[in-house]
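The structure under discussion appears below in the form of structure tokens.
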Amino acid sequence: MIDFHAHLDLYSDPHSIVKECNARGIYVLSVTTTPSAWEGTSALTTSSARIRTALGLHPQVAHQRKGELDVFNTYLAETKYIGEIGLDGSPEYKVHWDDQLLVFDHILHACACVGGRIMSIHSRRATQTVLEKLEASRDSGVPVLHWFSGSKSDLDRAITLNCWFSVGPAMLSTAKGLDLVSRIPHERLLTETDGPFAQVDGRNALPWDVQQVVVRLATLWNMPLGEVEQKIHLNLRHLVSLL
Ligand code: MN
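Residues -13 to 229 in my numbering are what the sequence shown lists, from first letter to last.
Take a look at the structure:
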């Protein structure tokens, strides 16, 4: 199983979640929301061969944490993975749009300067600006759009731009999400949960809930479960080999 976007540090008992991920052999991209959280979050999984920690600055806290861009620069050389980063155009965060742009621009530029990174990107109600920024910063690395919720034409544009997509249970719970997922090329798709933020069956999502996505993909792709699992693993290997 692969959970390519989970906030392990934000569970009430991160150690037990990490232990269970290790026991189940789950590959996890452990994203962070602030640069200052990177060191501690990274330390949670030093003995986990299948878990990688991403250095992030979430757009929803950009206005409060823009002062941590120096900290971001400090850790950038230590990881191949960046996230959660991006833009959020919902009304409560749009008021801090300039700070979000400042942070996102800084990070894309910084990633380009070090030869590119694999980036887990948030684009809620901001898909078009996120895509414009990525188009203008091709050297920043490989974008993985997490929980994509744009239009079909935005999706086409993102595919043309060589974006990847990480898909969680929530995305498969609406007709619109399902339609988008069915249009994503199989070779650019990874599974995720966005736990503990995202909900599954009325509770916080757990990394192993990605199995629900695999089951849904098997139906959607008309493929045996084992083949879907294999495909997602091959995709992860391919993605990691790109940098
Ligand atoms: Mn997230």
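All C-beta atoms in this analysis are idealised placements derived from N, C-alpha and C, irrespective of residue type, glycine included. Predicted, not measured: the structure shown is a model, and the values here were computed from it.
Range of the contiguous beta strand (DSSP E) that encloses residue i
{"i": "Trp150", "result": "150 to 153"}
{"i": "Thr177", "result": "175 to 177"}
{"i": "His132", "result": "127 to 132"}
{"i": "Gly269", "result": "Nothing about residue 269 can be read from this structure; the chain reaches only from -13 to 229."}
Close Cβ partners of residue i (< 7 Å) along its chain, the five nearest in sequence each way excluded
{"i": "Leu94", "result": "Lys119, Ser123, Ser126"}
{"i": "Glu213", "result": "none"}
{"i": "Pro182", "result": "His(-7), Leu(-4), Tyr(-3), Asn190, Ala191"}
{"i": "Val199", "result": "Val153, Gly154, Pro155, Leu158, Thr177"}
Own chain residues within Cβ distance below 8 Å of residue i, not counting five before or after
{"i": "Lys138", "result": "Asp165, Leu166, Arg169"}
{"i": "His92", "result": "Leu55, Phe58"}
{"i": "Leu63", "result": "Inspection of the sequence shows that residue 63 is occupied by Ala rather than by Leu. Once the five neighbours on either side are set aside, the close Cβ partners of Ala63 are Val100."}
{"i": "Leu225", "result": "Ile104, Val128, Val130, Trp150, Leu176"}
{"i": "Leu211", "result": "Val200, Val201, Ala204"}
C-beta contact flag for residue i and residue j at 7 Å
{"i": "Gln50", "j": "Tyr79", "result": "no"}
{"i": "Ala(-8)", "j": "Pro193", "result": "yes"}
{"i": "Val89", "j": "Ala48", "result": "yes"}
{"i": "Ile12", "j": "Leu176", "result": "no"}
{"i": "Ser109", "j": "Leu131", "result": "yes"}
{"i": "Thr39", "j": "Ser16", "result": "yes"}
{"i": "Gly163", "j": "Arg111", "result": "no"}
{"i": "Ile107", "j": "Gly72", "result": "yes"}
{"i": "Phe(-10)", "j": "Glu178", "result": "yes"}
{"i": "Lys52", "j": "Asp85", "result": "yes"}
Own chain partners of residue i with C-beta closer than 6 Å, once the 5 adjacent residues on each side are dropped
{"i": "Leu41", "result": "Trp24, Tyr61, Thr65, Ile68"}
{"i": "Thr205", "result": "none"}
{"i": "Gly136", "result": "Thr113"}
{"i": "Thr18", "result": "Trp24, Thr27, Gly42"}
{"i": "His44", "result": "Thr19, Glu70"}
{"i": "Thr115", "result": "Leu73"}
Residue interval of the alpha helix (DSSP H) (run including residue i)
{"i": "Leu141", "result": "138 to 146"}
{"i": "Tyr(-3)", "result": "That residue, Tyr(-3), is in no alpha helix (DSSP H); it is neither H nor E in DSSP."}
{"i": "Gln50", "result": "48 to 51"}
{"i": "Leu41", "result": "Here Leu41 belongs to no alpha helix (DSSP H), and DSSP marks it neither H nor E."}
{"i": "Leu55", "result": "55 to 61"}
Is the stretch 149 to 156 in contact with the stretch 182 to 200, if contact means three or more CB pairs nearer than 8 Å?
yes
Give, in chain order, every unbroken run of the alpha helix (DSSP H) that is at least 4 residues long and sits entirely within the stretch 161 to 222.
161 to 169, 196 to 207
Are at least three pairs of beta-carbons, each pair with one atom in the stretch 209 to 225 and one in the stretch 26 to 40, less than 8 Å apart?
Judged by Cβ distances under 8 Å, the stretch 209 to 225 makes no contact with the stretch 26 to 40, as fewer than three pairs qualify.
The stretch 5 to 13 / the stretch 141 to 150 touching (three or more Cβ pairs under 8 Å)
no
Return the chain-ordered ranges of every alpha helix (DSSP H) run that is complete within the stretch 75 to 119 and spans a minimum of 4 residues.
Taking only runs of at least 4 residues, the alpha helix (DSSP H) segments lying wholly in the stretch 75 to 119 are 77 to 80, 83 to 99.
Report the residue ranges of all alpha helix (DSSP H) runs contained in full by the stretch 2 to 38; include only those spanning at least 4 residues, in chain order.
As far as the stretch 2 to 38 is concerned, its whole alpha helix (DSSP H) runs of at least 4 residues are 24 to 30.
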